[in-house]
Amino acid sequence: MAQAGYVYLNGDIVEAENAVVSVYDHGFLYGAGVFETFRAYQRRLFLFDAHMDRLFSGLRELGIRLQMNREQLREAVLRTLAANGLQDAYIRLSVTAGVAGLGLSAEDYTRPTVLVMAKEVPRFPDAMYEKGKRLLTVSIHRNTPEGHTRHKSHNFLNQVLAKRELGEQAEAEGLMLTREGYVAEGIVSNIFLIRSGRLFTPTLATGILPGVTRAFVLRLAGELGIPAEERDFRREALFAADEVFLTNSIQEIVPVCEIDGVTIGEGKRGPFTQRLQQAYRQHVQTGS
Ligand SMILES: Cc1ncc(COP(=O)(O)O)c(C=O)c1O
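The working numbering numbers the first residue of the sequence shown as 1 and each following residue consecutively.
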């Protein structure tokens, strides 16, 4: 399907349908690339530094030597927004290994591909933030990280398969467990629970993506005086929780009202989730 609009590709703004990358790009051949998904609110790139920290850490481990710094990347994103006439946007910034020969390479990649795409943020219904989402456990386990830590890499097959298993239930999120049966994360989100006024989220040792929103919510909990702990737990702990919610950069903080047919807490957004949502929105407004 032809895509409308403009993308940034290696220094140029080009029409999306004319934006092409080489079939020899190792991002395409071997998934050697990392990306970030984040939002612009009135052209302000929210938590941009945290996204850049994660991106550059992935680039370091993959040996992809990017000649652009984060300010140049910010400029590339702002150019993409301007070209598409967007103020509020869903942004995807990818850096892949670039063109290299057939076969794996142990050498650093020195000519990466840089791609920025942006679109309007889908209009999420108020009910999603108030009544919450359903969560369904998928049978696909969260795989272990490809490297030492989990990067937001182009290797997305684990989530692609989980999403396929979820099928047409577009309004629900899939819950992924580790092979040992511990709660890991959603297909595209991190997960939290509240029990007796305390906040819990699985440790990074489960192999989850170190979500930027996850880290931000832990910081917000500190600001609000909510005791928070990273600790591994099984699915039963979610069933017994007072509140459960999911986080990601696009949807922010989304309550979970039901997991595998079991009602969570009151079956709607709880007070702690609401306080965190409000604190999040306040930071969005002040841009920090
Ligand atoms: C597997 C997975 N976990 C968690 C998240 C949330 O990460 P972030 O808060 O950085 O958007 C995402 C985002 O897409 C994801 O794909």
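Backbone N, C-alpha and C define an ideal beta-carbon position, used for all residues, glycine too.
Worksheet item: Taking 7 Å as the cut-off, does the CB of residue 213 come closer than this to any heavy atom belonging to ligand 1?
Response: Yes, since a heavy atom of ligand 1 falls inside the 7 Å radius drawn around the Cβ of residue 213.
Practice prompt. Would you mind stating whether residue 210 and residue 204 have Cβ atoms separated by less than 8 Å?
Written response: yes
Worksheet item: What are the boundary residues of the alpha helix (DSSP H) that residue 71 is part of?
Response: 70-83
Discussion item. Quick check on DSSP: helix, strand or coil for residue 155?
Written reply: coil
Discussion item. Can you check which of these residues, 143, 166 and 167, is closest to residue 156 by C-alpha distance?
Written reply: 143
Worksheet item: Within 7 Å: the Cβ of residue 159 and any heavy atom of ligand 1?
Response: At least one heavy atom of ligand 1 is nearer than 7 Å to the Cβ of residue 159, so yes.
Fill in: Endpoints, beta strand (DSSP E) assigned at residue 90
89-96
Practice prompt. Identify the continuous beta strand (DSSP E) that holds residue 126 and give its terminal residues.
Written response: Per DSSP, residue 126 belongs to no beta strand (DSSP E); it is in the alpha helix (DSSP H), 126-130.
Item to complete: Report yes or no: do the region 232-248 and the region 107-127 share at least 3 C-beta pairs separated by less than 8 Å?
Response: no
Worksheet item: For residue 18, does the three-state DSSP call read helix, strand or coil?
Response: helix
Fill in: Pairwise C-alpha distance: residue 199 and residue 113
40 Å
Fill in: DSSP-derived helix/strand/coil call for residue 239
helix
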